[in-house]
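Visitor: Taking the numbering used here, the leading residue of the sequence shown gets 10, the next gets one more, and so forth.
By construction, the Cβ of each residue, glycine as well, lies at the ideal position given by its N, Cα and C atoms.
Here it is: the structure, laid out below.
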Amino acid sequence: MNAGNRNRTLLRTLSRLALVVVLVVVAVLAGGWLALRGSLPQLDGMIRSSALTADVSVQRDALGTVTVTGRNRDDVTWALGFVHAQERFFEMDLMRRSAAGELAELFGKAALPIDRRARAHRMRARAEASLALATAQERQSVERYRDGVNAGLAALKVRPFPYLLTGTTPRPWSSEDTVLVVDAMYFSLNDAGNRRELAFSTMKAALPDSAWRFLSATGGPWDAPLSGPPMRWPDPPPPGDLDLRAIDASLLRGTDASSGNVPGSNSFAVGGGLTGGAGMIANDMHLELRVPDIWFRARLIFPNPRRAGETTDVSGASLPGTPAIIAGSNRAIAWGFTNSYADLTDWVRVIADPADPKRYRTADGSEPISTYTESIRVKGEPAEPLEIRETRWGPILADDVDGTPLALAWTAHREGAVNLDLMRLETAETADE
């Protein structure tokens, strides 16, 4: 074979290889496109379900805002769960897992530090206890929403694409998961580690009283208390009181530079006398940036359960994972929220019983420290056990400057911390209600 024939043969071989590579790439891209398309929500057509008692319509405007119209709130709740699952299930999954400390099951051992911190609060067990105390109507709403979520997830032709990337399968929604989504908001809006009070404890041990009172002041003349007299700043410490060079270096352990974040949020209300006649309310509900956004705009229309022949028309921001409109209007009243930055966490010093180190002192006598062993599932790895010590006030999560264990008392741990009372606003007609 001469050189020319060899070159032509090589060229044909390379051309065939290139064609094969192109076909493989096209096949992969086509498969990926089909998988992505199959995971998108259904926007047209009809769904039949025995869970519904009557017809429900789901419509979207040009911006994708959903309007759900039904013959009763339970059917609307089911349909809202269906829509949430089809459009936001992965985000809902992240919220329930972040609150329960179950992210490593999706992302592997890289998520273990996050899971350890969250699991120490035993939020899934608390969610189960919360549901046990819920009213029959609340449980019914949560269960209808749960069923709608699972129906919406099952109706997708392909599981949501993030699960394709992680190589995992979405776990069905449970009633407890709705409570966990609200718990995730507690984690987002509160400091579950109560770092501020830990820092105050260190400051109090390190600084003279005059400096401590000045730096730990709760407010001043720029603040407007809802009750009580106006506040004033404490006097600055005298020059001779504060010498940073004399502070015990061991008290600086674990201190961080300031993040520059200052707690605060905003709400505005304007009376009808200053407008065209109707009151106005605005709330600064910003949170950390997410894609997609944490809120999901929706409009819910159903017969008014209080007034026969009339319609309840609620529109606003829903929270995927829950059946409620978090902030919105029902054409009679409007409501909204922002973070109050209230003091919802406290450290309680756990004083050991001298007669038994496994017990601790309380105002009612000695009590045993409760111990729980949680199992954190890890993708591709054995499960990791986590031992949690808990008191009547909450879990033991830190030590004071003198080494005394500290238990965290947090509103989110208490019975009644999560409920669906917000849904009663949907049919309220006055601000007093």
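Would the beta-carbon of Leu415 fall within 8 Å of that of Arg358?
Guide: Cβ distance < 8 Å, so Leu415 and Arg358 count as in contact.
Visitor: Would you call the segment 200-208 in contact with the segment 347-362, where contact means no fewer than 3 C-beta pairs closer than 8 Å?
Guide: Verdict: yes, contact present.
Visitor: Run through DSSP, which three-state label would Trp182 get?
Guide: DSSP places Trp182 in coil when its eight states are reduced to three.
Visitor: Within the continuous beta strand (DSSP E) that includes Gln68, where are the two ends?
Guide: Its beta strand (DSSP E) spans residues Ser66 to Arg69.
Visitor: Which partner residues of Ser375 appear in the DSSP bridge assignment?
Guide: Beta-bridge pairing links Ser375 to Arg370.
Visitor: Going by beta carbon distance, what residues of the same chain come within less than 7 Å of Gly403, once the five residues before and after it are set aside?
Guide: Around Gly403: Ala416, Leu417, Ala418, Trp419 and His422.
Visitor: With distances taken between CB atoms, is the gap from Ala63 to Val77 smaller than 8 Å?
Guide: No, they are not a contact pair.
Visitor: Here's the rule: buried if 16 or more other CB atoms are within 10 angstroms of the residue's CB, otherwise exposed. What is Gly282?
Guide: With fewer than 16 other Cβ atoms within 10 Å, it is exposed.
Visitor: Report back the beta-carbon spacing between Val279 and Met289 to the nearest angstrom; my notes put them in contact at under 8 Å.
Guide: With 8 Å as the limit, Val279 and Met289 qualify as a contact, their Cβ atoms being about 4 Å apart.
Visitor: Determine the closest residue to Thr436 out of Lys213, Asn339 and Glu383, with distance taken between C-alpha atoms.
Guide: Per the Cα distances, Asn339.
Visitor: Cα separation between Asp84 and Glu111?
Guide: Going from the Cα of Asp84 to the Cα of Glu111 covers about 31 Å.
Visitor: Given a threshold of 16 other Cβ atoms within 10 Å of its Cβ, counted over all protein chains shown, does Phe311 qualify as buried or as exposed?
Guide: So Phe311 ends up on the buried side.
Visitor: Where does Ile290 sit, in a helix, a strand or coil, going by DSSP?
Guide: Here Ile290 sits in strand by DSSP.
Visitor: Skipping 5 residues on each side, what residues in its chain have a beta carbon closer than 6 Å to that of Arg106?
Guide: Once the five neighbours on either side are set aside, the close Cβ partners of Arg106 are Leu112.
Visitor: Indicate the three-state DSSP secondary structure (helix, strand or coil) for Glu147 in the structure shown.
Guide: Helix, per DSSP.
Visitor: Let me check understanding here. Comparing Cα to Cα, which of Asn348, Asn292 and Arg155 lies closest to Arg180?
Guide: Nearest of Asn348, Asn292 and Arg155 to Arg180, Cα basis: Arg155.
Visitor: Flag this pair as yes or no: are the beta carbons of Pro247 and Ser274 separated by less than 8 Å?
Guide: Going by C-beta atoms, Pro247 is not nearer than 8 Å to Ser274.
Visitor: What does Phe277 pair with, by DSSP beta-bridge criteria?
Guide: In the DSSP output, where bridge partners are listed per residue, Phe277 has Ala291.
Visitor: Grab the span of the alpha helix (DSSP H) containing Thr86 for me, first residue to last.
Guide: Run containing Thr86: Arg82 to Ala109, per the alpha helix (DSSP H) assignment.
Visitor: When you compare only the Cα positions, how much space is there between Gln95 and Thr86?
Guide: Near 14 Å, if we compare the C-alpha coordinates of Thr86 and Gln95.
Visitor: Find the nearest neighbour of Leu328 within the set Arg316, Glu319, Ile342 and Pro301, judged by alpha-carbon distance.
Guide: Closest by alpha carbon: Pro301.
Visitor: Do Arg69 and Leu49 count as a contact pair if the criterion is CB distance below 8 Å?
Guide: No, they are not a contact pair.
Visitor: Could you pull out every residue in the same chain whose Cβ sits closer than 6 Å to the Cβ of Glu438, ignoring the five residues on either side in sequence?
Guide: Excluding positions up to five away in sequence, the list reads Ala341.
Visitor: Taking all protein chains shown into account, decide if Asp192 is buried (16 or more other Cβ within 10 angstroms of its Cβ) or exposed.
Guide: Looking at its Cβ environment, which holds 16 or more other Cβ atoms inside 10 Å, Asp192 is buried.
Visitor: How about Ala6 and Arg133: are their beta carbons less than 8 Å apart?
Guide: No statement about residue 6 is possible, as the shown extent of the chain runs from 10 to 442 and does not include it.
Visitor: May I ask you to list the residues that DSSP assigns as paired with Glu396?
Guide: Answer is Thr382, bridged to Glu396.
Visitor: So Phe346 is in the beta strand (DSSP E); what residue range does that whole segment cover?
Guide: Per DSSP, Phe346 belongs to no beta strand (DSSP E) and is neither H nor E.
Visitor: Compute the distance between the beta-carbons of Gly249 and Met240, then report whether it is under 8 Å.
Guide: Cβ distance not < 8 Å, so Gly249 and Met240 don't count as in contact.
Visitor: Give the DSSP bridge partners of Gly325, in chain order.
Guide: Paired residues: Ala307 and Gly337.
Visitor: Using a Cβ-Cβ cut-off of 8 Å (strictly less than) and excluding sequence neighbours within five positions of Met101, which residues of its own chain qualify?
Guide: The residues are His93, Ala94, Val158, Trp182, Asp186, Val190, Pro329 and Gly330.
Visitor: In whole angstroms, what is the alpha-carbon distance linking Phe8 and Asp430?
Guide: The chain is shown from 10 up to 442; residue 8 falls before or after that span and cannot be answered.
Visitor: Flag this pair as yes or no: are the beta carbons of Ser375 and Arg368 separated by less than 8 Å?
Guide: Yes, Cβ-Cβ distance for Ser375 and Arg368 is below 8 Å.
Visitor: Between the beta-carbon of Trp242 and the beta-carbon of Ala255, is there less than 8 Å?
Guide: Contact: no.
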